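Top line first, the protein sequences correspond to chains B and G.
Residues 1 to 493 in full-length UniProt numbering are what the first sequence spells out, letter by letter.
Residues 1 to 95 in full-length UniProt numbering are what the second sequence spells out, letter by letter.
Read through the structure below, which is laid out as structure tokens, and then see the notes.
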Amino acid sequence: MSDLNKLTVSEARDALHKGDVTSVELTDACLNAIEAAGALNAFVHGTPDKARQMALAADDRIKSGDAAPMTGIPLGIKDVFCVQGVASQAASRILEGFVPEYESTVTQNLWDAGAVMLGKLNMDEFAMGSANENSCYGKAINPWKIDDRDLTPGGSSGGSAAAVAADLCLAATGTDTGGSIRQPAGFTGTVGLRPTYGRVSRYGVIAYASSLDQAGPMTKSVRDAAIMLGAMASVDEKDSTSADIPVPDFEAALTGDIRGKKIGIPREYRVDGMPEEIDDLWQKGTDMLRDAGAEIVEISLPHTKYALPTYYIIAMAEASSNLARYDGVRYGRRAGLGQGDGITEMYEKTRAEGFGPEVQRRIMIGTYVLSAGFYDAYYNHARKVRALIKRDFDNAYADGIDAILAPTTPSAAFALGAMDTADPVQMYLNDVFTVTLNLAGLPGISVPVGLDRQGLPLGLQLIGRPFEEGALLNQALVLERAAGFVAKPERWW
Amino acid sequence: MSITENEARKVAKLARIAVEDEALPALARELSGILDFMEQLKEVDVEGVEPMTGVMPMRLKRREDVVTTGGMPERILSNAPDAREGFFAVPKVVE
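Given below as structure tokens:
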């Protein structure tokens, strides 16, 4: 078999179980592809020795007849996941040299299932960003190109999306606090699933905003997302917000039958200045689901326009609290100190040189909205609006809506550096369609549905009911089949 | 909402991030811009709405108050920029 790195997880699984291919062969194909793709800057810490060792163990396990669906599958891991003995620094200078003594629950679950680790993937620092431009490793590059400009793979899971789209791995892990799985998936023609809050353990995932963060799979197909979520998810006593709900067989939910399901089309997502192409794509997706027998219902989510500012207040407040731990004492970097510098100077200098500009901005805004005199006006107020945003979704689902269809992003991938002159708020507007479901804790999946006029991929997202990822994946499968998206980036790297 | 240079200095101090005086005007402008964007929430009527504490309706888990792990000081200290004699070391705090 040639081009083994181009296989999907389900194809590789079937080939492994039939004995047509070994995990060592799959892993070597990926390691070779990674070696040749330095220009994408997707993998930032390679672990080739570990990968070969894990692949050998996976092959033994398959031979002994004890294989799980993810056994022998080579994966990329976003740098935000702590992996024991492997540099894990969330793309931040402040965690330079940090080598965790423990393993995140998600990666432990994947290794227990027999998956193979290829290395760590680029991302925005502490998952704060929508273009993968805020990284101590430098920008990750989208394998999709239309001229000589480098395009963003999206953020914050930009390295994960670039790696999956360029076939450097069979699948990758991502995290999604405000769209960081779905937006990069949309920009790279890949599938990205953000599970329900509490479905996947946050233990060992370097925190950004704890009430919004959730890890999920980034894959080449909807079926792969179902398989990989099954291996990532667990009920975990190490995470007090992990939900006590058993993990079902998500792949078994993929029947391809959505007849009679009610799909909501939220009228508030038709925002001013939205490109006609995005609107057309949305209409096409709606028709696809209708043709498959779903009932299309126009719905209203009246507080949608307040989701972005609500999200940024809450995320920045939580970030300022979570990132207080980076003080130059217990791990990572400590600034060089001058004569007479005390502990306060140590904190201030360490954090000034360790955090990048966007992270500093978010910590300071978060500090401000939590400070005496502003707490009620900003933070508490935002928590109330958040309750209203969730209520909008609750009402729609109470009316019998099974899922909601919307665009993933307001545009296709833009050029790296294109936002450099814009104020930070312009970049935040990229998350306009994705942040709502994080605020409501809901699952969402981005599926590639078409190409824009320039030939860049565009995605649509489906938003599901809480803890019904199986049904959501099934709806996504129908969309994927109807769209028949098979385009791949032409190799230039 | 306009942030003055003094307020920017104060918030940087609270966040324990060193900011040079020359950088304060630009920082104040940036923070003002972001806060302006957040101002639009003021128009939402939240009368009688409880602030959200948890996004999923679940009770915080409880467990027996017992030691579940520990006894690994070397591993705890292994990533410290400065550790001595089984402790994290920091600049002198008490004179």
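Note that CB positions come from ideal geometry on N, CA and C, so glycine has one too.
None of these values were measured; they are calculated from a predicted model.
Using beta-carbon distances, residue 420 of chain B does not count as an interface residue toward chain G, since no partner is under 8 Å.
With contact defined as three or more Cβ pairs closer than 8 Å, the segment 9-17 of chain B and the segment 211-226 of chain B are in contact. Between the segment 469-483 of chain B and the segment 245-255 of chain B there are three or more C-beta pairs closer than 8 Å, enough to call the two in contact. Burial check for residue 283 of chain B: the Cβ neighbour count within 10 Å stays below 16, so the residue is exposed. Taking 8 Å as the cut-off, the Cβ atoms of residue 349 of chain B and residue 372 of chain B do not count as close. The C-alpha of residue 16 of chain B lies about 20 Å from the C-alpha of residue 50 of chain B. Using a Cβ-Cβ distance cut-off of 8 Å, the segment 437-448 of chain B and the segment 2-17 of chain G are not in contact, since fewer than three pairs of beta carbons, one from each stretch, lie closer than that value. Counted as a single uninterrupted DSSP element, the alpha helix (DSSP H) harbouring residue 426 of chain B occupies residues 424-428. Across the structure, residue 4 of chain G and residue 275 of chain B are spaced so that their CA atoms are roughly 38 Å apart.
The alpha-carbon separation between residue 72 of chain B and residue 23 of chain B amounts to approximately 5 Å.
For residue 33 of chain G, the C-beta contacts it makes with chain B under 9 Å involve 423, 424 and 425, in order along the chain. Along the length of the segment 22-76 of chain G, whole alpha helix (DSSP H) runs at least 4 residues long occupy 24-39, reported in chain order. Close partners of residue 93 of chain G in chain B (Cβ separation under 8 Å): 342 and 343. When DSSP states are grouped into helix, strand and coil, residue 91 of chain G belongs to the coil group. Not one beta carbon of chain G lies nearer than 8 Å to the beta carbon of residue 397 of chain B. In the three-state scheme derived from DSSP, where H, G and I count as helix and E and B as strand, residue 466 of chain B is classed as coil.
Here residue 430 of chain B is buried. Its C-beta has 16 or more other C-beta atoms within 10 Å. Straight-line spacing of the CA atoms in residue 12 of chain G and residue 22 of chain G works out to 14 Å.
In this structure, residue 45 of chain B sits near residue 119 of chain B, with a CB-CB distance shorter than 8 Å.
With the rule of 3 Cβ pairs closer than 8 Å, the segment 411-420 of chain B does not count as touching the segment 160-167 of chain B. A Cβ-Cβ contact shorter than 8 Å links residue 415 of chain B with residue 149 of chain B. Taking a C-beta cut-off of 7 Å against chain G, the contacting residues of the segment 359-373 of chain B are 360, 361, 363, 364, 365, 367, 368 and 371, listed in chain order.
Taking a contact as a CB-CB distance under 8 Å, the pair residue 90 of chain G and residue 346 of chain B counts as one, their CB atoms being some 7 Å apart.
Nearest CB-CB separation between residue 382 of chain B and chain G: below the 8 Å threshold. Partner residues in the beta bridge of residue 461 of chain B, as assigned by DSSP, are B:406 and B:446.
Ranked by Cα distance from residue 142 of chain B, the options B:449, B:74 and B:163 are led by B:163. When only Cα atoms are considered, residue 69 of chain G and residue 238 of chain B end up about 12 Å apart. At a cut-off of 8 Å between C-beta atoms, residue 2 of chain G does not count as an interface residue with respect to chain B.
Spanning the alpha carbons of residue 304 of chain B and residue 84 of chain G requires a straight line of approximately 53 Å.
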